[in-house]
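Participant: According to the working numbering, the sequence shown is numbered sequentially starting from 3. A virtual CB, placed ideally from N, CA and C, is assigned to each residue, including glycine.
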Amino acid sequence: MAASSSGHDLPRVVRRGEFVYPPGLRFNLPFYRFRRFFDPKNPILLFEHLQRYGRAAHYRILLHDVVLLNDPADIAEVLIDKAAFFGKDRTQKRMKILLGEGMITSDGETHHRGRRIAAPAFHRRRIERYAAQIVEIADGLRIQWQPGAELNIAAEMMRLALQITARTLFDTEVTPEIHEINDQVNVVMDLYNFLVGMPRAELFLNSPLPQMRRFRAAKKRLDEVVDRMIRARQAEANLDRHADLLSMLVAARDDQAGGDGLKLDAQQIRDQVLTLFLAGFETVANALAWTWMLLGQNPEAEARLHEELDAVLGGRLPTLEDVPRLEYLGRVLSESMRLYPPAWAMGREVLEDVSIGPYRLRKRTMVFFSQYIVHRDPKWFPEPEQFRPERFTATAKSGRPRFAYFPFGGGGRQCIGESFAWMEAVLTLATLAQRWRVELVPGQKIELQPKITLRPKNGIRVRVMQRD
Ligand code: HEM
């Protein structure tokens, strides 16, 4: 028996035949009881509730075993040492109704193939070319802001990140049609927890439920916009002119090691484009929005950031070479993604019975781990609610296990866009924060909205102030 943080003695493990599970909610909960713990509007509450069981927790819902892992060593086993025993979990698979067989939702050979084909677009040398475009776009916004203007910085960052993704990865002009992607994604995000929380959501897809009607309309519009982008590119004689991800997907022949030499068909290109578009702009936009909020709340960190920007840039626009030099900015971003990880949870499904730490899990068990929960574990981050960029000095980092902090996941399915996202976030913030600071509009309640990404529910209202 081990003492739990709640003071009750809880069993360390629960044996069920040959299987060994962590303790947790006691029995196969009927759905209506489960709803007491599970608020579809904020699934983080369930994970927080389960944290009282310590290293890991277990419950059963609709005859499925679900395990939440909170220990970095156990997470490493799932993502790295025993990755072959795991596939994407059912909730992520349910996202197929939106993203088809794109890189995030597919498994096995389909996933490998997608990743092999897109990988060259994310090689370091290639993404370096995007740096100047990113700064140009951020500078465009920098000259638009008016001193003292009140705006929703979350919406502002969505538009900016969308524009950057469209221009760099898809070499597409930001027409009103592209902006519509943002609107349609908002519709889909509103419905997301409803869709993934509903078993067999795909069976309801064609039902007249108003939610499903809205989803169908949004998905149709997204597909139309993406299809038009793809067709326009396919019609071009000289694809190399663009040297972007879109040309790479359109022209790709899977003839690298292990490839089948075939091209992607229209549906496959569309699934990958939509996946990369959504994964690429939502996440970065949220990271930027939360960072602005934290800077607004922490004037000392903000002052230190300004000092660094002045010392390193001396008033000029940032370049790729400045990214590693802006060390404090890097720490601010890392700390921001610790407190508000844009990807706030990940899941896998056990494909073959497997042992993880002291547990033995049966096939089909769903395993979750949450960046939001682990990043706030006081064992790794004392006084976790506090914003402290110094937690990310090299020395501080070396004292923590690899999976105490994993905003980009890990192992073979680690985020393919990590370096791109990092460069984009650093250059954007450096460009804007050089001239502007934000003051949070008083009296607003900033709430979490955990959907596919962790969004601020009603945005974040700020007043932009010109730096002296
Ligand atoms: C701050 C920004 C970002 C964060 C926090 C983030 C986070 C993550 C995480 C946690 C995963 C792993 C999911 C899992 O294993 O279940 C992931 C995968 C992925 N990310 Fe990102 N991401 C970001 C930016 C981007 C960007 C900019 C792109 C592309 C333009 C991108 C494309 C992808 C793709 C395609 C995958 C699936 C990779 C695979 O399964 O092989 N992400 N991301």
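1. Would you decide whether Ala237 is buried or exposed? Buried here means 16 or more other CB atoms lie within 10 Å of its CB.
2. Using three-state DSSP, classify Gln468 as helix, strand or coil.
3. When the distance is taken between beta carbons, is Asp185 closer than 8 angstroms to Glu246?
4. Select from Glu387, Ser249, Glu337 the residue whose C-alpha is nearest the C-alpha of Arg169.
5. Check whether the Cβ atoms of Glu420 and Phe410 sit closer than 8 angstroms, and answer yes or no.
6. Using only the alpha-carbon positions, how far apart do Val443 and Met295 sit?
7. Heavy atom of the ligand MG less than 7 angstroms from the Cβ of Ala432, yes or no?
8. Only counting the same chain, and skipping five residues up and downstream in sequence, which positions put a Cβ closer than 6 angstroms to that of Pro74?
9. Measuring CB to CB, does His377 end up less than 8 angstroms from Pro343?
10. Where does Asp73 fall in DSSP's three states?
11. Return the chain-ordered list of same chain residues with a C-beta closer than 6 angstroms to the C-beta of Tyr132, the five sequence neighbours on each side being excluded.
12. Straight-line CA distance for Val275 to Val15?
13. Tell me Ile358's beta-bridge partners as DSSP assigns them.
14. If you run the structure through DSSP and keep just helix, strand and coil, what is Met105?
15. Spatial neighbours of Tyr61 within its chain, please: CB distance less than 6 angstroms, with the 5 preceding and 5 following residues excluded, ordered by chain position.
16. With a threshold of 7 angstroms on Cβ separation, who are the neighbours of Arg471 within its own chain once the five nearest residues in sequence on each side are excluded?
17. Is it buried or exposed, Leu431, if we count other Cβ atoms within 10 angstroms and call 16 or more buried?
18. Mind checking whether the beta-carbon of Ile418 lies closer than 7 angstroms to any heavy atom of the ligand HEM?
19. Taking Cβ positions, are Leu143 and Leu434 nearer each other than 8 angstroms?
20. Considering only their Cβ atoms, is the gap separating Leu328 from Glu310 smaller than 8 angstroms?
21. Indicate the three-state DSSP secondary structure (helix, strand or coil) for Tyr23 in the structure shown.
22. Can you grab the Cα-Cα spacing for the pair Arg362 / Arg17, in whole Å?
23. If I measure Cβ to Cβ from Ile183 and keep anything under 7 angstroms in the same chain, skipping five residues before and after, which residues do I get?
24. According to DSSP, which residues form a beta bridge with His456?
25. Is it the case that the CB of Gly282 approaches a heavy atom of the ligand HEM more closely than 7 angstroms?
26. Who does Glu441 pair with in a DSSP beta bridge?
27. Using alpha carbons as the reference points, say which of Met160, Glu392, Thr397, Phe206 lies closest to Arg457.
28. Distance cutoff 8 angstroms, beta carbons only. Does Ala140 sit that close to anything in chain C?
29. On the DSSP letters alone, give me the boundaries of the alpha helix (DSSP H) that Phe49 sits inside.
30. Less than 8 angstroms separating the beta-carbons of Phe394 and Arg306?
31. In angstroms with no decimal places, state the Cα-to-Cα distance between Gln446 and Leu153.
32. How is Arg18 classed by DSSP in three states: helix, strand or coil?
33. Helix, strand or coil, according to DSSP, for Met191 in the structure here?
34. So the candidates are Gly414, Glu130, Leu266, Arg439; which of them puts its Cα closest to the Cα of Pro149?
Facilitator: Taking the structure as given:
1. exposed
2. strand
3. It should be pointed out that residue 246 corresponds to Asp in this sequence rather than to Glu. For Asp246 and Asp185, no; Cβs fall outside 8 angstroms.
4. Comparing Cα-Cα distances from Arg169 to each of Glu387, Ser249, Glu337, the minimum goes to Ser249.
5. Yes.
6. 10 angstroms
7. Among the ligands modelled here, namely the ligand HEM, the ligand MG does not occur.
8. The residues are Pro403, Phe405, Ala406.
9. yes
10. coil
11. Thr170
12. 44 angstroms
13. Answer is Tyr361, bridged to Ile358.
14. coil
15. Gly26, Leu27, Val68
16. With the chain covering 3 to 470 only, the question about residue 471 has no answer from this structure.
17. buried
18. Of the heavy atoms belonging to the ligand HEM, at least one sits nearer than 7 angstroms to the Cβ of Ile418.
19. yes
20. Closer than 8 angstroms, so yes.
21. strand
22. 9 angstroms
23. Leu164, Leu224, Val227, Phe279
24. With the sequence shown as reference, residue 456 is identified as Leu, and His is not the correct amino acid for it. Paired residue(s): Pro452.
25. yes
26. Arg465
27. Met160
28. Among the chains of the structure shown, chain C does not appear; only one protein chain is present.
29. 46-52
30. no
31. 13 angstroms
32. The three-state secondary structure of Arg18, taken from DSSP, is strand.
33. Note: Met191 maps to helix in three-state DSSP.
34. For the options Gly414, Glu130, Leu266, Arg439, the alpha carbon positioned closest to that of Pro149 is the one of Arg439.
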